[in-house]
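Single-structure report; data block below.
Next comes the structure, spelled out in structure tokens:
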């Protein structure tokens, strides 16, 4: 008898461990009773691509070492089934299935098709039966298609069939339809088909309920939920071709606008930004956003650009000043809240494509060139081949200390991971591995730069040469037939007229390059704006918006000295002219010399051909814009000459200037009233010549003492090499304007300044954004809502006719309060009633959750009557859950939130954390510690005398999952053990105290050694976060000495320690850990008082949270400590709040053993 030979022939294969673990996990999931088909595994499409890539390489290596495919698949049936089903989902034709499968996993040169056919015929049913999923009695390809749930090419057919049936009667059932081939067969043999159909209908109905925003909304509430890969495929089809689209296979569909904020990389300015996308501007004229960064919420407003004809607001890029875990964004116009992940603590890498878009969330990368932002100590590795990936070049990112961004070419690379410098490829977490497979993506490329300053009325840039489609090597490894469709670009959400019938393209196995608009097809030039679609044999769909005037030549000229942009001149801006000429193919431009006058933003013209094509275009010449920082208003970009009082200039601000590109040798000068320069300084650029800046402090000594003068900018224009000088502002000592209110009319007097406007805020409604009104003949007629609406805050400002000024969030010091009776809105029990309370018309504060964020903002702003503050605190303590959530939604800065939480007494309240709506669940991420307390409250609320009821157990598991994501895995361990393991390591000890006595240079060196590895942001109870929070006391030791020496905090902590000792010995032992770590430190010495701050913080946190859960009573001691504790939270907020979160978990674990 021959000895058994193991199927694994290469035991050194780096993917052997991955294959073993992946097989085990997939087999366990397939054997779950809820899984009836393989498609139920709920694997995302890119996760399946990742499995295909790695499994293919694993098999290839074993086969090369002498392995046998049949034996290898028998050893890994789950991986085999998952990859087979993935290929069935992309089925082109049944007779090419085996060839497609082998090409997809990269084995087409190693394995004959007949071998796959043989394995499928002999073993497929056995493998399916062993995994306890349906084997189905039919041919193997059909079986696999049924296990996929849907074949991609049948999804458009199904949706089209539903549209037809829905036109005849509402809510068609699956039995009302003529189903596509494979799905019809699946329906006949399995009731699971009906469930999938219902999931498709739920998603389809959702798209009609929110036709403009459904794709960017959370869809987790839809029932039944489709498996992720199927949901993604259906959503992709409906996004491009909405309900009602006819002939889906041929149709290009509608153009899309992205509503979702996203991360981008700006490699020129070397910044990571959050991009707030373009939006259709509402009636108010602006879109309001609330952006929360590590708990601090800032309001931003976006609006239409000057001269815009599209109706959309400009996108806004907000710089992320440092690495953070996530950003929460609320779009108040569409009432959608998003959590935008930034840095994953367990996988610290951000990936961006060549356009700067983030692809960090992808497990399968389809790009050959990427930018990877990683900690500087890490390296990029192709783990599959145990090979370092050498970047082409690298640069740092502003504010991201300890990180570096690499430009990387992925040719010949199969995987990508960021590893610690000391780690080897075999030590990497293969679950975090990304695979590289450019075969999956068709890219569009424009061979020329867009024609400068010219766009279509739909906002597309215009090119003079054809769009090019680049095909990578085909996934099948064979020649493939793709189809090109072209329609007119109809604008966002609109379908344009189909220009051509789908044209077949024969793509060779090695890929190729095709002109989308063939320049040799016609004698006439291509003229139009188009939406282009490339459809693949597996229902792949790649689209691109593109505008072209083939052969167009254009030259822009400017009146006056500037040759690159418009500048202030003659009461307006310098005039500009665009000269348009055709190339080799004739067209007509009307007019062919497009003139923009001094008061206009741009001008329209039309390009047409003899064949009848016509394209309206817009010429928008660039202009010089500048930002002069003022004390009276936030920084705003302006384009016209200003008039300033010398005391209006913000001496701590920065002057910014932008032209149409590089400004050579730019200087800014302050001149006296004789025109003589008093001070001149250079401007510099830190973003590659986009923006030029200079601190006002370099000029301030001169501008503030001038009674009259001006501020000039001069530079050399690179377009004509001329030296140019323009006046940005006249400086004059003027009297302030006067504003009065008479009924519904504002009157502005005391100035002859032109182009005045007013910003108006209702004082009794501080949550209401300001409105902007122009001053006409010295007066403003107010809308009805401002009449008898309580006091108004009015600020006069100078409008700029050549730019759009966004209204400030809050009034400046020059604003005037105009008194009148009444309050803003109606007595509605919510915000209107709160306005009545603020105005003094009502004595009762409303308690609706909507008012809670506003009440927090009121407390933070100060200046309120003591009785008002007392009333607000009473409301908070009576409604702790709504109040806690309101704090996270407020504009109170994150560093101030812990202090307010303590000061109001909420820290001693018990929370139930009742689950809320989809939007409320998103709010958990606004401030991680608040979300954590809410989730702990949910666990507390769900856990009864007999534990968790069976009906609540799925919810409990989801809460635990959210807790781990928000606070870190340590919190689950704390809930199990009633012990915070970080207390042993995150502490101040004798060595740390000795460090305080060293010279600063020694301190910096040693601290860098300790904290250099903690540059990746962690969850609130992660070891590194706790360590950093405790060591912040070292940095703040001077303030802490004063605080602990003047407040009675230490005495209160000692009293509370005694209380804990008498009530619970284990709590007492926990509370003493940090004190015991100070063994050998003279804590009675004043210079060492600061080292007691972590001790005091923990004791107060434990006492307050165990008191909230009814385990002790120490109200008087806690009352006495509240003010000092709140001050401690202002000095070291991260320490105090992480101690409170840990204490709440400990208190819960003691009060309700078994809660975890």
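Residue numbers (the numbering used here): 622 to 1777.
Ideal placement from N, C-alpha and C gives every residue a C-beta, glycine not left out.
A quick note: this is a predicted structure, and the numbers were derived from the prediction, not measured.
What are the start and end residues of the alpha helix (DSSP H) that includes residue i?
i	result
residue 1186	Run containing residue 1186: none; DSSP gives neither H nor E here.
residue 1748	1736-1752
residue 1260	Segment: none, residue 1260 is in no alpha helix (DSSP H) and carries neither H nor E.
With respect to the beta strand (DSSP E) encompassing residue i, which residues constitute its N-terminal and C-terminal limits?
i	result
residue 1124	1119-1128
residue 1133	1133-1136
residue 1653	It is not in any beta strand (DSSP E) - residue 1653 instead sits in the alpha helix (DSSP H) that spans 1644-1656.
residue 1225	1224-1229
residue 803	No beta strand (DSSP E) holds residue 803; the alpha helix (DSSP H) holding it covers 802-810.
residue 1382	1377-1383
residue 1407	Here residue 1407 belongs to no beta strand (DSSP E), and DSSP marks it neither H nor E.
residue 996	990-996
Per DSSP, what are the beta-bridge partners of residue i in this structure?
i	result
residue 1084	1169
residue 952	910, 957
residue 962	947
residue 1077	1238
residue 1192	Per DSSP, none; premise fails for residue 1192.
residue 1250	DSSP lists no partner for residue 1250.
residue 1091	1064, 1134
residue 1608	Residue 1608 pairs with nothing; no bridge assigned.
residue 766	DSSP lists no partner for residue 766.
residue 894	885, 940
residue 1151	1109, 1167
residue 933	901
residue 1418	1378
residue 639	In the DSSP output, where bridge partners are listed per residue, residue 639 has none listed.
residue 968	965
residue 1298	1292
If you check the beta carbons only, do residue i and residue j fall under 8 angstroms apart?
i	j	result
residue 1320	residue 1557	no
residue 1153	residue 1167	yes
residue 707	residue 673	yes
residue 1057	residue 1163	no
residue 1664	residue 1752	yes
residue 1270	residue 1250	yes
residue 1614	residue 1674	no
residue 896	residue 936	yes
With 16 other CB atoms within 10 Å as the buried threshold, where does residue i fall?
i	result
residue 1225	exposed
residue 685	exposed
residue 1540	Confidence in residue 1540 is poor, its pLDDT being 49 and thus under 50, which makes the residue's placement too unreliable to answer from.
residue 639	buried
residue 1520	buried
residue 1538	Only weak support exists for where residue 1538 lies, its pLDDT of 48 falling under 50; the value from the coordinates is given anyway. Exposed.
residue 1027	buried
residue 1759	buried
residue 844	exposed
residue 1378	buried
residue 1212	exposed
residue 1642	buried
residue 1762	buried
residue 1672	exposed
Looking at C-alpha atoms only, which residue of the options is the closest neighbour of residue i?
i	options	result
residue 661	1038, 754, 1772, 994	754
residue 1217	1423, 833, 1461, 1478	1423
residue 1284	1343, 1272, 1645, 823	1343
residue 1648	1263, 1608, 1501	1608
residue 1580	1596, 1567, 1128	1596
residue 1666	1723, 1745, 1694, 1615	1745
residue 1192	1306, 1347, 1518, 1272	1347
residue 633	655, 658, 682	682
residue 1604	1510, 1650, 1583, 1574	1650
Does any residue of chain B have a CB that is nearer than 8 angstroms to the CB of residue i?
i	result
residue 908	The structure shown contains no chain B; it is built from a single protein chain.
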